[in-house]
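> Mapping of the sequence shown onto the working numbering: position 120 corresponds to residue 120, and the numbering continues sequentially without gaps. For each residue, glycine too, the CB sits at the ideal point set by N, CA and C. What you are looking at is a predicted structure, and each value in this text was computed from that prediction instead of being measured. One structure, as structure tokens, below. Some questions next.
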Amino acid sequence: MVSTTHRQITTPHTPAEVVQELFTALGSPDRRDVLAVLTEDVEWWVAGPPEIPYAGTFRGHAEVAQFFATFDEATDYESWEAREFIAEGNTVVVIGEERWRAKSTGKAADNPWVLVLTVHEGKITQFRAYEDTAASRDAFLASDASSPATG
Numbered sequence: 001m002v003s004t005t006h007r008q009i010t011t012p013h014t015p016a017e018v019v020q021e022l023f024t025a026l027g028s029p030d031r032r033d034v035l036a037v038l039t040e041d042v043e044w045w046v047a048g049p050p051e052i053p054y055a056g057t058f059r060g061h062a063e064v065a066q067f068f069a070t071f072d073e074a075t076d077y078e079s080w081e082a083r084e085f086i087a088e089g090n091t092v093v094v095i096g097e098e099r100w101r102a103k104s105t106g107k108a109a110d111n112p113w114v115l116v117l118t119v120h121e122g123k124i125t126q127f128r129a130y131e132d133t134a135a136s137r138d139a140f141l142a143s144d145a146s147s148p149a150t151g
């Protein structure tokens with residue numbers, strides 16, 4: 001009798017493929033899909049001042065889940081597009097733009113962004129988001145601080 005052993009062959013994921021998996025997961029209503037592509041000790045950082053409710057550093061799955069809860073509570077998305085992916089070693093840079101409204105004020109933010117992601121062994125270990133923080137902050141301000149006072 002001949003014994004046959006089946007080996008499961010897994011295709012190694014390039015860092016760019018892992019980031020593509022993240023973007024697919026971001027389109028899912030189930031945030032567990034996002035967490036599945038992140039390491040347990042992921043560092044998730046979004047630039048911005050305190051006026052931006054979702055800005056800051058979030059470590060680990062529980063804090064990233066809280067980031068998404070805060071983000072979803074604060075904004076209504078109108079559009080989001082990743083335009084360019086640049087991969088070098090374990091780092092992937094994504095350039096894109098978005099438009100959303102702050103739920104608290106109804107103001108829109110047209111926001112270009114750059115994401116820098118680090119991938120190790122098929123999972124994202126670090127997520128850094130750079131965006132137009134002035135546009136984001138202004139969308140959350142109750143009055144337009146850049147307008148001259150009237151009176």
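Enumerate in chain order the residues of its own chain whose CB-to-CB distance from A102 is below 6 Å, with the five nearest sequence positions on each side excluded.
Counting from one through the sequence shown, the residue named residue 102 turns up at place 102. So the list reads A139, F140, once near-sequence residues are dropped.
> Assess contact between the segment 63-78 and the segment 91-102, defined as three or more Cβ pairs (one per stretch) separated by less than 8 Å. Is contact present?
Touching, per the Cβ criterion.
> Is R31 helix, strand or coil by DSSP?
Position 31 of the sequence shown holds residue 31. If DSSP states are grouped into helix, strand and coil, R31 belongs with coil.
> Alpha carbon to alpha carbon, what distance is there between T118 and A16?
Mapped onto the sequence shown, residue 16 falls at position 16. Mapped onto the sequence shown, residue 118 falls at position 118. Approximately 10 Å between the Cα atoms of the pair.
> Just the Cα atoms here: how many angstroms apart are F58 and V64?
Here residue 58 refers to the residue found at position 58 when the sequence shown is read from its first residue. Here residue 64 refers to the residue found at position 64 when the sequence shown is read from its first residue. Their backbone Cα atoms lie some 6 Å apart in a straight line.
> So E63 is in the alpha helix (DSSP H); what residue range does that whole segment cover?
As a working note, residue 63 is residue 63 in the sequence shown. First-last of the alpha helix (DSSP H) with E63: 60-74.
> Taking contact to mean at least 3 C-beta pairs separated by less than 8 Å, is the segment 38-47 in contact with the segment 79-95?
Not touching, per the Cβ criterion.
> In the structure shown, what three-state DSSP assignment does A142 receive?
The sequence position of residue 142 within the sequence shown is 142, counting from 1. The answer is coil: DSSP assigns A142 none of H, G, I, E or B.
> Flag this pair as yes or no: are the beta carbons of I124 and V37 separated by less than 8 Å?
Your numbering for residue 124 matches position 124 in the sequence shown. Your numbering for residue 37 matches position 37 in the sequence shown. Their beta carbons are under 8 Å apart, which means I124 touches V37 by this criterion.
> Could you tell me whether any Cβ in chain D is nearer than 8 Å to the Cβ of S136?
No chain D is part of this structure, which consists of one protein chain only.
> To the nearest angstrom, how far is it from the Cα of G60 to the Cα of A108?
By one-based count along the sequence shown, residue 60 stands at place 60. By one-based count along the sequence shown, residue 108 stands at place 108. Cα-Cα distance, rounded: 30 Å.
> From the DSSP output, read off the bridge partner residues of L26.
Taking the first residue of the sequence shown as position 1, residue 26 is located at position 26. Paired residues: none, contrary to the question.
> Once you ignore the five residues that flank V116 on each side, which residues in its own chain have a CB closer than 6 Å to its CB?
As a position in the sequence shown, residue 116 is number 116, starting the count at 1. Correct list, in chain order: V93, R128.
> Since T105 is in the beta strand (DSSP E), which residue starts that stretch and which ends it?
What you label residue 105 is simply residue 105 of the sequence shown in a count that begins at 1. Premise fails: T105 is in no beta strand (DSSP E) and is neither H nor E.
> Using the three-state DSSP reduction, which class does V37 fall into: helix, strand or coil?
As a first step, residue 37 must be located in the sequence shown, where it is residue number 37. Coil at V37, not helix or strand.
> Looking only at C-alpha atoms, which of S136, D30, N90 sits nearest to V18?
Stepping through the sequence shown from its first residue, residue 18 is reached at position 18. Closest by alpha carbon: N90.
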